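Novice: Top line first, the protein sequences correspond to chains A and B.
Residue numbering for the first sequence follows our numbering, beginning at 664 and increasing consecutively.
Residue numbering for the second sequence follows our numbering, beginning at 664 and increasing consecutively.
A virtual CB, placed ideally from N, CA and C, is assigned to each residue, including glycine.
Just so we're clear, the structure is a prediction, and the values are computed from it rather than from any experiment.
This is the structure I want to talk about, given as structure tokens.
Protein chains: 2
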Amino acid sequence: MGMAFLLLITEEQDNFMKDNPLVLITNDDGISAPGILSLVEVVKEITNNVVVVAPDKPQSGMGHAITMNATLRLNKRDISGVEAYSCSGTPVDCVKIATSKVLKSKPDLILSGVNHGSNSSINVIYSGTMSAAVEGAIEGIPSIGFSLANHSIEANFNPIKAYLKQIIEFALSHKMKMYDCWNVNFPAVEKELINGIKVCRQADACWEEEFEERFDPAGNPYYWLTGRFVNREKDKMDTDEWALSNNFISLVPVKFDVTDHQAIEGLKMIENG
Amino acid sequence: MGMAFLLLITEEQDNFMKDNPLVLITNDDGISAPGILSLVEVVKEITNNVVVVAPDKPQSGMGHAITMNATLRLNKRDISGVEAYSCSGTPVDCVKIATSKVLKSKPDLILSGVNHGSNSSINVIYSGTMSAAVEGAIEGIPSIGFSLANHSIEANFNPIKAYLKQIIEFALSHKMKMYDCWNVNFPAVEKELINGIKVCRQADACWEEEFEERFDPAGNPYYWLTGRFVNREKDKMDTDEWALSNNFISLVPVKFDVTDHQAIEGLKMIENG
Chain A
664 MGMAFLLLIT
674 EEQDNFMKDN
684 PLVLITNDDG
694 ISAPGILSLV
704 EVVKEITNNV
714 VVVAPDKPQS
724 GMGHAITMNA
734 TLRLNKRDIS
744 GVEAYSCSGT
754 PVDCVKIATS
764 KVLKSKPDLI
774 LSGVNHGSNS
784 SINVIYSGTM
794 SAAVEGAIEG
804 IPSIGFSLAN
814 HSIEANFNPI
824 KAYLKQIIEF
834 ALSHKMKMYD
844 CWNVNFPAVE
854 KELINGIKVC
864 RQADACWEEE
874 FEERFDPAGN
884 PYYWLTGRFV
894 NREKDKMDTD
904 EWALSNNFIS
914 LVPVKFDVTD
924 HQAIEGLKMI
934 ENG
Chain B
664 MGMAFLLLIT
674 EEQDNFMKDN
684 PLVLITNDDG
694 ISAPGILSLV
704 EVVKEITNNV
714 VVVAPDKPQS
724 GMGHAITMNA
734 TLRLNKRDIS
744 GVEAYSCSGT
754 PVDCVKIATS
764 KVLKSKPDLI
774 LSGVNHGSNS
784 SINVIYSGTM
794 SAAVEGAIEG
804 IPSIGFSLAN
814 HSIEANFNPI
824 KAYLKQIIEF
834 ALSHKMKMYD
844 CWNVNFPAVE
854 KELINGIKVC
864 RQADACWEEE
874 FEERFDPAGN
884 PYYWLTGRFV
894 NREKDKMDTD
904 EWALSNNFIS
914 LVPVKFDVTD
924 HQAIEGLKMI
934 ENG
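Spelled out as structure tokens, the structure:
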């Protein structure tokens, strides 16, 4: 009896979600982007304890940039009745100032997005959305970045709302630990075409740059960054790129230790000159 | 006899450095920083084939930011007689525009730095200097970021020049492969106090933010980001932080696959809802 009771408790703890967990929401498309509004709407169904701190302007491609040589401003906003602040800094600044200045206690979860455009494979490194999530994890707060594979400002977030809710509830039910970070990307298709969630790894991919040269009215050149996405392992079924092209939602666990541990032994010879 | 000859060839290939390898140099402190000049001076002793493309202003803390919504400018400069360009973008922009527009062929090595201030442990993620090196590796070019643990503009780079040369020559002698990236940090001490090079891993550390609130003349608040560095594993002798505090040069091999591979199996349960 005692044993059975104990087992019951353990199982319950495993699926336990505390009442009204504190969730911080940010993004990199800016506080006015439709993607963050969709995320707020979903989180409001789960908890009454939501705070938004997001950039006051688009911050795509900001990576893990922080504001070191300038000051930051915070302005009170309202998103769908939720306490919200716009911040003049980067997505990582938003997480830092939220946990340090805005929130009264440590959040149970940080959510970033929903990003307009995929952050799969190597984009995890360039993305302000994912860097905000990584920053949360560095600070010991479970964090998830969400992205929809559609760059349009008019992208339709309705097909993914049920999945968003499922993943957030799973994360809050003690399945996510304090330094955990997930990179979740949704295919931009109708709900009935989504094949489910696939836990996978970051595909080896890169951008091949092509800078477009133009000339200003004075005849001096300037450049626009453009590029072509190159997936270096197209047929690998365990990658996020494969999952997305096959209408799965990709979930990649992400870590902030970037050491190439396997390379350490082979390099030891440099220690001897 | 034949066998001995073969062994000799193998050994020679192992330490082979091609004549005048093409080396690209960048940084995040900006093209006028003393640190990049020191690096150029060392590389000039190794090859005649050096090109500098570096930010036109300080870009510390820019992480892996890229310029997506604005244009870039390049301006011809000269550093110690070497072909050089200042770029209006981030350190990662510098690498992208250098490999795509400036250089006539793929460089043999990309060097970033020498940074004024350490980029050990978690700083690898915030650092523009290291992000430039990581960008090189993503593009398949061996890359090294160098940093000196002294933020001062008047930091003395002379004590590290012999070591810089040793590491660069080691890298060019076919010890570094195409996607390899190293994060090298020097202690800010006199040469005779340096205990040598230590190949190690990124220490688990973070910044505890403290935003300083001030008020503008109109009485509105603004914030300065300040922080306290917290090493979460002080006694671990295999970390870069330990190496630096014990006057070793730390060398951490870095990779751009940030997947937490060990976490994948345990998360598979989410695939079943």
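Would you report the Cα separation of Ala881(A) and Asp741(B), rounded to the nearest angstrom?
Specialist: Taking the first residue of the first sequence as 1, we reach residue 881(A) at position 218. Taking the first residue of the second sequence as 1, we reach residue 741(B) at position 78. Whole-angstrom Cα-Cα distance: 24 angstroms.
Novice: Comparing C-alpha positions only, which one of Glu817(B), Pro884(B), Asn732(B) and Glu873(B) sits nearest to Gly759(A)?
Specialist: By 1-based counting over the first sequence, the position of residue 759(A) is 96. Gly is not the amino acid found at residue 759(A); the sequence shown has Lys there. The shortest C-alpha separation from Lys759(A) is found at Glu873(B).
Novice: Quick one: give me the first and last residue of the beta strand (DSSP E) that Thr889(B) is part of.
Specialist: Taking the first residue of the second sequence as position 1, residue 889(B) is located at position 226. Here the beta strand (DSSP E) through Thr889(B) covers Pro884 to Asn894.
Novice: With C-beta atoms as the reference, is Val787(B) less than 8 angstroms away from Arg864(B)?
Specialist: Position 124 of the second sequence, counted from the first residue, corresponds to residue 787(B). Position 201 of the second sequence, counted from the first residue, corresponds to residue 864(B). The answer is no: Cβ separation not under 8 angstroms.
Novice: Just the Cα atoms here: how many angstroms apart are Leu835(B) and Cys750(B)?
Specialist: Counted from its first residue, the second sequence places residue 835(B) at position 172. Counted from its first residue, the second sequence places residue 750(B) at position 87. Roughly 26 angstroms separates the two Cα atoms.
Novice: Does the distance from the C-beta atom of Pro822(A) to that of Ile860(A) stay below 8 angstroms?
Specialist: In the first sequence, residue 822(A) corresponds to position 159, counting from 1. In the first sequence, residue 860(A) corresponds to position 197, counting from 1. No, these two residues do not count as a Cβ contact at 8 angstroms.
Novice: So which of Leu888(B), Glu798(B) and Gly776(B) has the shortest CA-CA distance to Thr730(A)?
Specialist: Locating residue 730(A) in the first sequence gives position 67, where the first residue counts as 1. Comparing Cα-Cα distances from Thr730(A) to each of Leu888(B), Glu798(B) and Gly776(B), the minimum goes to Leu888(B).
Novice: Reducing DSSP to helix, strand and coil, say where Met664(A) ends up.
Specialist: Numbered from 1 along the first sequence, position 1 holds the residue referred to as residue 664(A). Interpretation of Met664(A) is limited by its pLDDT of 36, a score under 50 that renders its predicted location unreliable; the figure taken from the coordinates is listed afterwards. In the three-state scheme derived from DSSP, where H, G and I count as helix and E and B as strand, Met664(A) is classed as coil.
Novice: Quick check: the region 898–908 of chain A against the region 842–852 of chain B, are there 3 or more CB pairs under 8 angstroms?
Specialist: no
Novice: Is the shortest distance between the beta-carbon of His727(A) and the beta-carbons of chain B less than 8 angstroms?
Specialist: Walking along the first sequence from the start, residue 727(A) turns up at place 64. At least one chain B Cβ lies under 8 angstroms of His727(A).
Novice: Tell me, to the nearest whole angstrom, how far the beta carbon of Thr734(B) is from that of Tyr886(A); I am working on the premise that it is less than 8 angstroms.
Specialist: Locating residue 734(B) in the second sequence gives position 71, counting from the first residue. Locating residue 886(A) in the first sequence gives position 223, counting from the first residue. Between Tyr886(A) and Thr734(B) the Cβ distance is about 6 angstroms, and since that is below 8 angstroms, they are a contact.
Novice: Whole angstroms are fine: how far does the CA of Ile709(B) sit from the CA of Gly726(B)?
Specialist: For the purposes of this step, residue 726(B) is taken as residue 63 along the second sequence, with counting starting at 1. For the purposes of this step, residue 709(B) is taken as residue 46 along the second sequence, with counting starting at 1. Looking at the two C-alpha atoms, the distance is approximately 29 angstroms.
Novice: Rounded to whole angstroms, how far is the Cβ of Asp771(A) from the Cβ of Pro684(A), which I believe are closer than 8 angstroms?
Specialist: Start at 1 with the first residue of the first sequence, and residue 771(A) comes out as number 108. Start at 1 with the first residue of the first sequence, and residue 684(A) comes out as number 21. Indeed they touch by this definition, with Cβ atoms about 4 angstroms apart.
Novice: Quick check on this structure: which residue in Arg877(A), Leu907(A) and His837(A) has the alpha carbon closest to the alpha carbon of Met680(A)?
Specialist: By one-based count along the first sequence, residue 680(A) stands at place 17. If we check each option's Cα against that of Met680(A), His837(A) comes out closest.
Novice: Would you check if the distance between the CB atom of Val713(B) and the CB atom of Val765(B) is smaller than 8 angstroms?
Specialist: Here residue 713(B) refers to the residue found at position 50 when the second sequence is read from its first residue. Here residue 765(B) refers to the residue found at position 102 when the second sequence is read from its first residue. Not closer than 8 angstroms, so no.
Novice: For a contact meaning CB atoms closer than 8 angstroms, what does Glu872(A) contact in chain B?
Specialist: Numbered from its first residue, the first sequence carries residue 872(A) at position 209. Simply Lys759, Ile760, Thr762 and Ser763.
Novice: When DSSP labels each residue in this structure, what does Thr762(B) get in the three-state scheme?
Specialist: Residue numbering aside, residue 762(B) sits at position 99 when the second sequence is read from its first letter. In this structure, Thr762(B) counts as helix in the three-state DSSP scheme.
Novice: Looking only at its own chain, which residues have a Cβ that is under 7 angstroms from the Cβ of Glu871(A), when we skip the five neighbours before and after it?
Specialist: Within the first sequence, numbered from 1, the residue matching residue 871(A) stands at position 208. Apart from the 5 residues on each side of it in sequence, Glu871(A) sits with its Cβ closer than 7 angstroms to the Cβ of Gly890, Arg891 and Val893 in its chain, given in chain order.
Novice: Under a CB-based cut-off of 8 angstroms, is Val862(A) close to chain B?
Specialist: As a first step, residue 862(A) must be located in the first sequence, where it is residue number 199. Taking Cβ atoms only, chain B reaches closer than 8 angstroms to Val862(A), which makes this a yes.
Novice: Identify the contact partners of Gly882(B) in chain A, using a Cβ-Cβ distance below 8 angstroms as the criterion.
Specialist: Within the second sequence, the letter at position 219 stands for residue 882(B). In chain order: nothing, as chain A lies at least about 13 angstroms away.
Novice: Can you list, in chain order, the residues of the region 903–932 of chain B whose Cβ is nearer than 7 angstroms to any Cβ on chain A?
Specialist: Leu914, Val915, Pro916, Val917, Lys918, Phe919, Asp920, Val921, Thr922, Asp923, His924, Ala926, Ile927, Leu930 and Lys931
Novice: Looking at chain A, which residues of the region 684–697 of chain B have a Cβ within less than 8 angstroms of any of its Cβ atoms?
Specialist: none
Novice: Taking the CB atoms as reference points, tell me whether Gly693(A) and Lys720(A) lie closer together than 8 angstroms.
Specialist: Here residue 693(A) corresponds to residue number 30 of the first sequence, with the count starting at 1. Here residue 720(A) corresponds to residue number 57 of the first sequence, with the count starting at 1. For Gly693(A) and Lys720(A), yes; Cβs fall inside 8 angstroms.
Novice: Compare the C-beta of Met731(B) with all C-beta atoms of chain A and state if any pair is closer than 8 angstroms.
Specialist: Reading the second sequence from its first residue, position 68 is the one you call residue 731(B). Yes, Met731(B) counts as interfacial toward chain A.
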